[in-house]
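Enquirer: Take a look at the following structure, please.
Protein chains in written order, with my numbering: chain A, 1 to 425; chain W, 1001 to 1405.
Following this line, the structure appears as structure tokens:
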């Protein structure tokens, strides 16, 4: 049953008809692509909150959207809406407030943040209580409409679904730093099942807030090159010292090939395959032999119905932590074998930082732009090759190259590993 | 291998709550005739009441103290219940099967270090310049490893580490509807042949003030003398949270048959919607879902396990929906398990499905869980049970659990 509308297994082929992007490099895929192709960094000093006394004071924050005062859920929703609307507009599907399919949304953890905690605490200053008893007393005493809209986990998905008019119950997903790729995988599976002709898949993350920064810092996961923000994220370089937290959103409109063709849509790319494999070794580290990462990559390639030698380019997870980059290389080596030597591998995170829950969606979007433009975005700050990672990282400058098939990796804490294979139309 | 006739079977149940641990304890305590006796604690978090977890020896499912040290209590509850479900389905210790077991987990926020929060709040003083103090206070006070206790997907991560279930791992979020999404995802994948073996579940530690605060800010926490979910309306309504872990093993019937696994029940439908929640919207949405159910016969006695939380107006909307069933010739026999186990947010729907599967396989429906007019005593042989959930602030869903035979 293999034809242009179905894959070799007879499943509906899933195509991309709309792409949206927001990162620290700007809003929209045009601005982002210009900056990525020029090797520009979006990392800068944090101005959102005081950073005195912190080892890491830089991030790829998104400060150019008007959300009337920062809160993580408000920014997550605003970025998801910006990226989602861009993708829907490009796809020319449905109407701006009625998308004809479900929403799969990768979001960061939602919780009450310190500014809210303080305002609650202050509101009940006469109570004589302390700690959470006092917070609860304040919460009981009056209506906190704004806070109420921010707290629930589903609040970001609810806002995006209401505004874009997606169908059915919006699905919020978290697979840590693989979440964005999982959101795409959920959409692909739904279309393959025939549950829907179209799906809107978005990853968004707005985690540059004080406590999240300190928590990652205490895990020794972050770069401490605060004096030189643009140079801090250096995937695959021997002197890499951690990732740089960043914000953004990536959105894809997915459709069955048949439905997209029937409505005359322009096809921007194909999601050929998705693969996942959970790790059972450790909460923050992957198995030393890389079997779970290798499993995810292999599953994605098998799901795509291609051979490892068909991969033209790898959009790496490439976080710039000592551990990730080495493990990712070893796993790629295990799956691609000698073909790896001839396969460029670059990390968007060298420029936009690690966008956490959004990374898989943002990097899938950039992978599709890479195919479209025939240009490989570089790994910037590649100053000191790591002899343990002998790859072609597309060092420092973008390179023209025809690309038909991209492997995009996403790995997260908690043993989450997801890989996608994206192809040319 | 999958055939066109494959059904979705429940082949394992893991349940821990205020009533105890395991299916036998729950079955026994929920089938006591006479006045229902939920386990509550009205003092510890007064003015709020909660359902505290029964005494449980976590080492029975999480033997390594190093694992336990890196988990907060909600994760231990979940990992424990997941272990019970895997053992119940005879998957525990079966490496080849566990390696193919897909996780669909429903999770909310993790747990905070409440003492640290209180110290920082107290030290900075009223209306003070808290910014710089916060940096110092958090850097010195936060325990790095317990960050992991806060990540939603680390319940799944810990299940993979402790029980070695590693096929795939997805964590769904969003209060009650997280449980619906996790369950619906597994059912859809089994029906479409995208997977054969799933572990689906969630957990809540209700005994913590940060969780209560989130519910109170949402205006959904019950505050008054304890009442069942149907009897809180005059006090303003609200949910009474209950500590709970609920897990199901879902399996394609073909796969289960091949390995000789016996089903509790099969899932014939799971449907959901997102109404706008204006007056009457949720009730109308549920009626729409009900019309789509593959219910046969369409009328007559129908056991309903209701996920009503007690929060208003969602609970009134559900009553309205249930009352409307009479017009269709359906005689609803309602039991709201929240009156017995408390409300467990992300895990709540899964808990109801577990209770439905138990009743279907035992061929006995539960006696009333409350003394209001909503739940009347009735002998019904439950070869089919409707499980409902109206999210306390959004989302409506229902599933039909039927006899596998």
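Where a beta carbon is used, it is the ideal one built from N, C-alpha and C, also for glycine.
Exposed or buried, what is residue 78/A when buried is set at 16 or more other beta-carbons lying within 10 Å of its beta-carbon?
Expert: Mapped onto the first chain, residue 78/A falls at position 78. Its Cβ being crowded by 16 or more others within 10 Å, residue 78/A is buried.
Enquirer: Please confirm if residue 1167/W has its CB atom under 8 angstroms from at least one CB of chain A.
Expert: Translated into positions along the second chain, residue 1167/W becomes position 167. For residue 1167/W, the answer is yes, since a Cβ of chain A falls inside 8 angstroms of its Cβ.
Enquirer: When Cβ atoms are compared, which residues of the segment 74 to 102 of chain A fall closer than 8 angstroms to chain W?
Expert: Cβ contacts with chain W: none found.
Enquirer: So, are the CB atoms of residue 1408/W and residue 1380/W less than 8 angstroms apart?
Expert: Since the first residue shown for chain W is 1001 and the last is 1405, residue 1408/W is missing from the structure and cannot be characterised.
Enquirer: According to DSSP, residue 1173/W sits in a beta bridge with which residue or residues?
Expert: Here residue 1173/W corresponds to residue number 173 of the second chain, with the count starting at 1. Residue 1173/W is bridged to 172/A.
Enquirer: Which of the three DSSP states is assigned to residue 1102/W in this structure?
Expert: As a first step, residue 1102/W is located in the second chain; it is residue number 102 there, counting from the start. Here residue 1102/W sits in strand by DSSP.
Enquirer: So, does the CB of residue 1273/W fall closer than 8 angstroms to a CB anywhere in chain A?
Expert: By one-based count along the second chain, residue 1273/W stands at place 273. At least one chain A Cβ lies under 8 angstroms of residue 1273/W.
Enquirer: From the beta carbon of residue 132/A, is the nearest beta carbon of chain W less than 8 angstroms away?
Expert: Residue numbering aside, residue 132/A sits at position 132 when the first chain is read from its first letter. Chain W contact via Cβ: present.
Enquirer: Check the DSSP bridge columns for residue 123/A and list the partner residues they point to.
Expert: The sequence position of residue 123/A within the first chain is 123, counting from 1. Beta-bridge pairing links residue 123/A to no other residue.
Enquirer: On the CB-based measure, 16 or more other CB atoms within 10 Å of its CB, does residue 33/A come out buried or exposed?
Expert: As a position in the first chain, residue 33/A is number 33, starting the count at 1. Label assigned to residue 33/A: buried.
Enquirer: Which of helix, strand or coil does DSSP assign to residue 1050/W?
Expert: Looking up residue 1050/W in the second chain gives position 50. Strand.
Enquirer: Taking the Cβ atom as the reference point for each residue, do residue 343/A and residue 311/A lie within a distance shorter than 8 angstroms?
Expert: Residue mapping note: residue 343/A aligns to position 343 of the first chain, counting from 1. Residue mapping note: residue 311/A aligns to position 311 of the first chain, counting from 1. Result yes, Cβ atoms of residue 343/A and residue 311/A sit closer than 8 angstroms.
Enquirer: Where does residue 1349/W fall in DSSP's three states?
Expert: Numbered from its first residue, the second chain carries residue 1349/W at position 349. Of the three classes helix, strand and coil, the one that applies to residue 1349/W here is helix, per DSSP.
Enquirer: Residue 264/A and residue 303/A look like a contact to me (Cβ under 8 angstroms); what is the Cβ gap, rounded to whole Å?
Expert: Within the first chain, the letter at position 264 stands for residue 264/A. Within the first chain, the letter at position 303 stands for residue 303/A. Between residue 303/A and residue 264/A the Cβ distance is about 28 angstroms, and since that is not below 8 angstroms, they are no contact.
Enquirer: Check the Cβ of residue 158/A against every Cβ in chain W and list those closer than 7 angstroms, keeping chain order.
Expert: As a first step, residue 158/A is located in the first chain; it is residue number 158 there, counting from the start. Ordered by position in chain W, the residues that pass the 7 angstroms Cβ test against residue 158/A are 1394.
Enquirer: In this structure, what does DSSP give as the bridge partners for residue 1333/W?
Expert: The sequence position of residue 1333/W within the second chain is 333, counting from 1. DSSP lists 1303/W as partners of residue 1333/W.
Enquirer: Measuring straight from C-alpha to C-alpha, what distance separates residue 1180/W and residue 1387/W?
Expert: Along the second chain, read from residue 1 onward, the residue named residue 1180/W stands at position 180. Along the second chain, read from residue 1 onward, the residue named residue 1387/W stands at position 387. So the alpha carbons of these two residues sit roughly 11 angstroms apart.
Enquirer: Starting from residue 303/A and walking both ways along the alpha helix (DSSP H), at which residues does that stretch end?
Expert: Position 303 of the first chain, counting from 1, holds the residue named residue 303/A. Where residue 303/A is concerned, the enclosing alpha helix (DSSP H) stretches over 291 to 304.
Enquirer: What's the C-alpha gap between residue 179/A and residue 122/A?
Expert: The residue labelled residue 179/A in the question sits at position 179 within the first chain. The residue labelled residue 122/A in the question sits at position 122 within the first chain. Residue 179/A and residue 122/A: Cα-Cα distance of roughly 36 angstroms.
Enquirer: Could you tell me the alpha carbon to alpha carbon distance between residue 1175/W and residue 153/A, rounded to whole angstroms?
Expert: Here residue 1175/W is taken as the residue at index 175 of the second chain, counted from 1. Here residue 153/A is taken as the residue at index 153 of the first chain, counted from 1. Going from the Cα of residue 1175/W to the Cα of residue 153/A covers about 7 angstroms.
Enquirer: Quick one: grab the DSSP three-state call for residue 1205/W.
Expert: What you label residue 1205/W is simply residue 205 of the second chain in a count that begins at 1. Three-state result, residue 1205/W: coil.
Enquirer: Whose C-alpha, out of 1143/W, 1110/W, 1196/W, 1114/W, is nearest the C-alpha of residue 1155/W?
Expert: The residue given as residue 1155/W occupies position 155 in the second chain. Looking at the Cα atoms, 1110/W is the closest of the given residues.
Enquirer: Mind checking the segment 1307 to 1335 of chain W against chain A and listing, in chain order, the residues whose C-beta falls within less than 7 angstroms of any C-beta there?
Expert: Correct list: empty, as no residue qualifies.
Enquirer: With DSSP as the reference, identify every bridge partner of residue 373/A, one or two as the case may be.
Expert: To locate residue 373/A, count along the first chain from 1; it is residue 373. The partner list for residue 373/A (beta bridge, DSSP) is empty, contrary to what the question assumes.
Enquirer: In chain order, which continuous runs of the alpha helix (DSSP H) of length 4 or greater are located wholly inside the segment 23 to 52 of chain A?
Expert: For the segment 23 to 52 of chain A, whole alpha helix (DSSP H) runs of length 4 or above, ordered along the chain, are 29 to 37.
Enquirer: Pull up the DSSP beta-bridge partners for residue 1245/W, would you.
Expert: Position 245 of the second chain, counting from 1, holds the residue named residue 1245/W. 1016/W, 1203/W.
Enquirer: Using a C-beta to C-beta distance shorter than 9 angstroms, which residues of chain W count as neighbours of residue 113/A?
Expert: Counting from one through the first chain, the residue named residue 113/A turns up at place 113. Under the 9 angstroms cutoff, chain W gives no residues; its nearest Cβ is about 11 angstroms from residue 113/A.
Enquirer: Smallest Cα separation from residue 35/A: which of 369/A, 422/A, 382/A, 408/A?
Expert: Start at 1 with the first residue of the first chain, and residue 35/A comes out as number 35. Nearest C-alpha to residue 35/A: 369/A.
Enquirer: Measuring alpha carbon to alpha carbon, tell me which of 1389/W, 1216/W, 1217/W ends up nearest residue 1315/W.
Expert: Numbered from 1 along the second chain, position 315 holds the residue referred to as residue 1315/W. It is 1389/W whose Cα lies nearest to the Cα of residue 1315/W.
Enquirer: Apply the 10 Å Cβ neighbour rule to residue 61/A and answer buried if 16 or more other Cβ atoms are within range, or exposed otherwise.
Expert: The residue labelled residue 61/A in the question sits at position 61 within the first chain. That one is buried.
Enquirer: Determine the direct distance from the alpha carbon of residue 1147/W to that of residue 125/A, and round the result to whole angstroms.
Expert: Sequence index remark: in the first chain, residue 125/A carries index 125 (1-based). Sequence index remark: in the second chain, residue 1147/W carries index 147 (1-based). Approximately 29 angstroms between the Cα atoms of the pair.
Enquirer: Is the Cβ-Cβ distance between residue 309/A and residue 421/A less than 8 angstroms?
Expert: Counted from its first residue, the first chain places residue 309/A at position 309. Counted from its first residue, the first chain places residue 421/A at position 421. No, they are not a contact pair.
Enquirer: Going straight from the alpha carbon of residue 1/A to that of residue 301/A, what length do you get?
Expert: Taking the first chain and counting its residues from 1, the one referred to as residue 1/A is at position 1. Taking the first chain and counting its residues from 1, the one referred to as residue 301/A is at position 301. Low confidence applies here, because residue 1/A scores a pLDDT of 44, under 50, leaving its location unreliable; read the following figure in that light. Rounded to the nearest angstrom, the two C-alpha atoms are 20 angstroms apart.
Enquirer: Can you tell me whether residue 1028/W is helix, strand or coil according to DSSP?
Expert: Your numbering for residue 1028/W matches position 28 in the second chain. In the structure shown, residue 1028/W sits in a helix (DSSP, three-state: H, G or I).
Enquirer: Report the three-state DSSP secondary structure of residue 104/A (helix, strand or coil).
Expert: The sequence position of residue 104/A within the first chain is 104, counting from 1. Residue 104/A falls in the strand class under three-state DSSP.
Enquirer: So what's residue 1083/W in DSSP terms, helix, strand or just coil?
Expert: In the second chain, the residue the question calls residue 1083/W occupies position 83. DSSP places residue 1083/W in helix when its eight states are reduced to three.
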